[in-house]
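Colleague:
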Amino acid sequence: MSRYFKPIYPLEKPLKTYSGFVKSHAMERWGHMRENTGDHFRVTPQVVATGMFWFILLPCSMTYALATLIYRKEKRNGIDRPYIMWVGDKDHDEV
-3 MSRYFKPIYP
7 LEKPLKTYSG
17 FVKSHAMERW
27 GHMRENTGDH
37 FRVTPQVVAT
47 GMFWFILLPC
57 SMTYALATLI
67 YRKEKRNGID
77 RPYIMWVGDK
87 DHDEV
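Per our numbering, the very first residue in the sequence shown carries number -3; after that it's consecutive.
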């Protein structure tokens, strides 16, 4: 049976301090970077663009779409609401 499951390279024996798991250097590096994100963070054009998308563009576009949807639905049902400057008809009567 061992001939079918024989590893290509010899495996290290796991230490008892790691509870039987093999310590991976890649996972250790990933864990260190994850725990110390603040030390390794840099402001780059990619980070700025991503931040502007998630924290400015997406919320503003969702708010505009929702306000437009509500305004058109109320106008279709005959409900007259105060005019919102960035939503609705341009020829609305202002008070």
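The beta carbon of each residue, even a glycine, is placed where N, CA and C say it ideally should be.
Kindly list the residues whose CB is nearer than 7 angstroms to the CB of M29, restricted to its own chain and excluding five residues on each side of it in sequence; keep chain order.
Modeller: Closer than 7 angstroms at the Cβ level, and outside the excluded window around M29, lie H36.
Colleague: So, helix, strand or coil for F51, using DSSP?
Modeller: F51: helix per DSSP, three-state reduction.
Colleague: Helix or strand or just coil, what does DSSP make of P92?
Modeller: A question about residue 92 goes unanswered here, because the residues of the chain that appear run from -3 up to 91.
Colleague: Just verifying my parser: in three-state terms, what is the DSSP assignment at V39?
Modeller: The answer is coil: DSSP assigns V39 none of H, G, I, E or B.
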